[in-house]
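Residue numbers (the numbering used here): 3 to 725.
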Amino acid sequence: MPQLTIIVPVYNVENYLEQCLTSIQRQTFTDFHVLVFNDGSTDGSLKIMQDFAAKDQRFEVIDKPNEGYGATCNRGLNAATTEWVAIVEPDDFIAPDMYEELLTAASSEQEKRPEIVKGSYWEYYDPADGYADALRKPNLSIFAPKRRTVSNIEGNIELLVHHPSIWSAIYRRSFLDSNKLRFVEAKGAGWVDNPFYFAALNLAQNIVWVPRPYYYYRMTNADASRYLKDFHVPFDRLREMRAFADSHTISRRATGVLYARELDYIDQVVNKYGFNEADPELNKLIHEVIDPMDSTIIFSDSHILPKFRAYYMDFTGTGQQIADHAAVSGPHLSIVVALHDQRDAVVPFISNLLATTDFPFEVVAVDCKSTDRTVAAVSHLTHKDKRVRLIKSDSENLADGLNAGLAAAKGEYVLFADAGASVEMKDVPTLLATAHSHHAVLVECGIRAEFAEETLLRAHADSSIDVIDSGRYIFSQPVTAIKDFLMAIRPNELGNTFFRRTFLTDHAITAGETDGTSEAVLLARAFATLLDATTAIGNVLTATRTVRGATTDIPVTQPFYRQKLYAIDDKTPKATAPAVLQAMKELSGRSDYPEYEKSLKHLLLESFSADVHACVTTESLDGYLDTMTEPLIAAIGDSTAKELDCEGPFNEFQRLTRNDRSFFYMHLYMQTLNQLKKSKDRNRRLVLSTRYQVGEKIIRLGRTLTPTGVVANIRRKITQRLR
3 MPQLTIIVPV YNVENYLEQC LTSIQRQTFT DFHVLVFNDG STDGSLKIMQ DFAAKDQRFE
63 VIDKPNEGYG ATCNRGLNAA TTEWVAIVEP DDFIAPDMYE ELLTAASSEQ EKRPEIVKGS
123 YWEYYDPADG YADALRKPNL SIFAPKRRTV SNIEGNIELL VHHPSIWSAI YRRSFLDSNK
183 LRFVEAKGAG WVDNPFYFAA LNLAQNIVWV PRPYYYYRMT NADASRYLKD FHVPFDRLRE
243 MRAFADSHTI SRRATGVLYA RELDYIDQVV NKYGFNEADP ELNKLIHEVI DPMDSTIIFS
303 DSHILPKFRA YYMDFTGTGQ QIADHAAVSG PHLSIVVALH DQRDAVVPFI SNLLATTDFP
363 FEVVAVDCKS TDRTVAAVSH LTHKDKRVRL IKSDSENLAD GLNAGLAAAK GEYVLFADAG
423 ASVEMKDVPT LLATAHSHHA VLVECGIRAE FAEETLLRAH ADSSIDVIDS GRYIFSQPVT
483 AIKDFLMAIR PNELGNTFFR RTFLTDHAIT AGETDGTSEA VLLARAFATL LDATTAIGNV
543 LTATRTVRGA TTDIPVTQPF YRQKLYAIDD KTPKATAPAV LQAMKELSGR SDYPEYEKSL
603 KHLLLESFSA DVHACVTTES LDGYLDTMTE PLIAAIGDST AKELDCEGPF NEFQRLTRND
663 RSFFYMHLYM QTLNQLKKSK DRNRRLVLST RYQVGEKIIR LGRTLTPTGV VANIRRKITQ
723 RLR
């Protein structure tokens, strides 16, 4: 009787099957029986199998209707009569000495009577596009022990952590039979290897680990089971794994690994395969997995990656350190934030705001048809802190979300915020208290240092100046005193401007269709309307300035520090200049437009400069300039840098729109080279420094004196933390 049965479940793999069966046929261990199941293939697979069986009596072909991977493997396990069984998937192949070495390892540990002997594998990539085939080590090879071990799963937990890889092992048949270990008989491949591997590894008392890759797992088969088509499949398998864990005694570490796999599969469903977490059915399945989890294991087990722990915290609401807080009646401030697929940004943004408890404000979060976890994350916040309200917009456009938030706001003042902002609320209560006392319609916190002195000098004699603390100033003045450069003094974003809510609603000032990225249209509409207003407050927080002959120290700080993030792979970054152009076009018909046209042109050039430097490739910059050059030239006209008081952006505009762009690219290239040279010089000085040389000697001495085992233990702990 043969010693080993090899089960090969085949379904439509004619392109790979011959290589697979040949690799089995050429094994240096020859005492085996191969059960090759044709699971209803409709291609040429059956003929290939029959040809092998005709030439080699060790191959037996069983032709049957399609039942799926699990049912087919079970047929093989039920038919096997040998001491050991193994499975090879038909689009993979194996090393010639795989079974000889695994069976030899089993024999060498015969006293312990191992139930499973497991080797590692290679991730195999077929040759393509002129490149040769390639191999990559999986995490199993990287993190599992580098020497042969024999233990239960507690002694080698890494076998449970990584890919099931059930095919890189051999199993004692009597162990499978006595524990009734079989595959779930699901449709297709169905991820049925997951419950099988989880149960087998937890039940085995002695698992021999052989740290050599014998199996070649093909990663380039587009029809493979790892390409998910139905999101129910992994949840079905997770449900079965949880059922096993609930009906058997498994260790706390094994439970942590199970949680890690469950969270990993949720992450794959949502982020790798792109299923919408907002889908009610999928959301229910995720809750089914997450709700029973023991939070103490989630926060303590080293195998649960930080991103999975963050997901758990978001989904359950346990991660945000938010105290219960009642709703605020008559808030002084409404912070409106429009959201579309911004879960990662909005949670820390709102959480930071809610740390402020001594100031009556509300957060109006407007979801603009998000498809990620934005709604779920904000909903958890609203359950804890009633100062947060979540409303939904019927549009994906952020401008529509801002307008919906304004309509729902209840505060005396309103701030339109970006979820990517880092918030400092310390000065906001004083700002708004002063604004209220001066009946201000606008609080401007974004005044740039170069305009602070001019702003103060232009203030009317009857303007009032209030001191906060530590030399920080708030001053009020008629808008007419600064109308000709009002737009130029501030960044092109809403996050540094507080509006009286009724000022916006009474004058029907709303966001324009391009707002939400730059908000230039809303700002332009508001500032144009302000020409008829009586008072504005500017929070002058700049560098030291000489004002009317006296030196006044005004520290640099702003309530909102904002930073726009651009993805490296974006071909066209978010542009703000087009929004300014729209605002100029919209307001150009006003009779008083010439009074603040200079400010708008200044703002346009500042926005243009920011857009240019946000482009990460010459291709994206070329595309931007091809679109924007003619409108920019028409808008700026014959204005000069001196007239517009923005020499740097103006000169950049001239170089890029009126001259050969290659000079600009060369300039950037030279700047990069100079920066590299400075970095190299700095590193060279560091290496030659006495401090560095002494440090190197100390490190070498430490390596000499520290025992190898201690070093290995430290390295292992660091690796665990990095994972």
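We treat Cβ as the ideally placed atom computed from N, Cα and C, and that holds for glycine.
Assign residue i to one of two classes, buried (16 or more other C-beta atoms within 10 Å of its C-beta) or exposed (fewer than that).
{"i": "Asp33", "result": "exposed"}
{"i": "Pro308", "result": "exposed"}
{"i": "Leu161", "result": "buried"}
{"i": "Ile96", "result": "buried"}
{"i": "Pro596", "result": "exposed"}
{"i": "Pro147", "result": "exposed"}
{"i": "Gln59", "result": "exposed"}
{"i": "Arg503", "result": "buried"}
{"i": "Ala325", "result": "exposed"}
{"i": "Glu264", "result": "buried"}
{"i": "Ala206", "result": "buried"}
{"i": "Ser609", "result": "buried"}
{"i": "Pro92", "result": "buried"}
{"i": "Asp508", "result": "exposed"}
{"i": "Met3", "result": "exposed"}
{"i": "Asp248", "result": "exposed"}
{"i": "Asp517", "result": "buried"}
{"i": "Gly403", "result": "buried"}
{"i": "Ala409", "result": "exposed"}
{"i": "Leu137", "result": "exposed"}
{"i": "Asp420", "result": "buried"}
{"i": "His234", "result": "exposed"}
{"i": "Ala245", "result": "exposed"}
{"i": "Asp232", "result": "exposed"}
Going by beta-carbon coordinates alone, are residue i and residue j separated by less than 8 Å?
{"i": "Ala579", "j": "Asp613", "result": "yes"}
{"i": "Ala340", "j": "Gly413", "result": "no"}
{"i": "Leu602", "j": "Ala526", "result": "yes"}
{"i": "Thr531", "j": "Asn405", "result": "no"}
{"i": "His342", "j": "Leu383", "result": "no"}
{"i": "Asp53", "j": "Tyr13", "result": "no"}
{"i": "Glu242", "j": "Val152", "result": "no"}
{"i": "Phe301", "j": "Pro333", "result": "no"}
{"i": "Pro294", "j": "Tyr267", "result": "no"}
{"i": "Gln29", "j": "Pro98", "result": "yes"}
{"i": "Val377", "j": "Ala510", "result": "no"}
{"i": "Ser143", "j": "Pro215", "result": "yes"}
{"i": "Asn204", "j": "Ile155", "result": "yes"}
{"i": "Val365", "j": "Val390", "result": "yes"}
{"i": "Ile26", "j": "Val36", "result": "yes"}
{"i": "Tyr126", "j": "Tyr218", "result": "yes"}
{"i": "Ile299", "j": "Arg254", "result": "yes"}
{"i": "Cys370", "j": "Ser331", "result": "no"}
{"i": "Leu444", "j": "Phe501", "result": "yes"}
{"i": "Gly78", "j": "Thr7", "result": "yes"}
{"i": "Asn223", "j": "Tyr415", "result": "no"}
{"i": "Val38", "j": "Glu62", "result": "yes"}
{"i": "Arg345", "j": "Asp374", "result": "yes"}
{"i": "Ala379", "j": "Asp316", "result": "yes"}
{"i": "Ile89", "j": "Trp169", "result": "yes"}
{"i": "Ala292", "j": "Thr257", "result": "Reading the sequence as shown, one finds Ile at residue 292 and not Ala. No, the pair does not count as a contact, with Cβ atoms beyond the cut-off."}
Looking at the C-beta of residue i, does it have a partner C-beta in chain D at a distance below 8 Å?
{"i": "Ala340", "result": "This model lacks chain D altogether; it includes just one protein chain."}
So residue i packs on residue j, CB below 8 Å; how close in whole Å?
{"i": "Leu417", "j": "Ile337", "result": "5 Å"}
{"i": "Tyr71", "j": "Pro11", "result": "6 Å"}
{"i": "Val271", "j": "Arg239", "result": "Actually they do not touch by this definition, with Cβ atoms about 12 Å apart."}
{"i": "Val523", "j": "Glu588", "result": "7 Å"}
{"i": "Lys386", "j": "Ala328", "result": "Actually they do not touch by this definition, with Cβ atoms about 11 Å apart."}
{"i": "Leu646", "j": "Lys600", "result": "6 Å"}
{"i": "Gln5", "j": "Thr83", "result": "About 11 Å; that fails the 8 Å criterion."}
(message) Quick check on the DSSP output: what are the complete alpha helix (DSSP H) runs of length 4 or more inside the segment 155-211, in order along the chain?
(response) 160-163, 175-180, 195-205
(request) State whether the segment 172-185 contacts the segment 113-123, with contact taken as three or more CB pairs (one from each stretch) at a distance under 8 Å. (result) yes
(request) List in chain order: all unbroken beta strand (DSSP E) runs of 3+ residues lying wholly within the segment 248-293. (result) none
(message) I'd like to know if the segment 104-115 and the segment 203-212 are in contact, where contact means that at least 3 CB-CB pairs between them fall below 8 Å.
(response) yes
(message) Assess contact between the segment 65-79 and the segment 179-193, defined as three or more Cβ pairs (one per stretch) separated by less than 8 Å. Is contact present?
(response) yes
(request) Return the chain-ordered ranges of every beta strand (DSSP E) run that is complete within the segment 582-664 and spans a minimum of 3 residues. (result) none
(message) Going residue by residue through the segment 365-400, where are the continuous beta strand (DSSP E) segments of at least 3 residues, counting only ones entirely within it?
(response) 390-394
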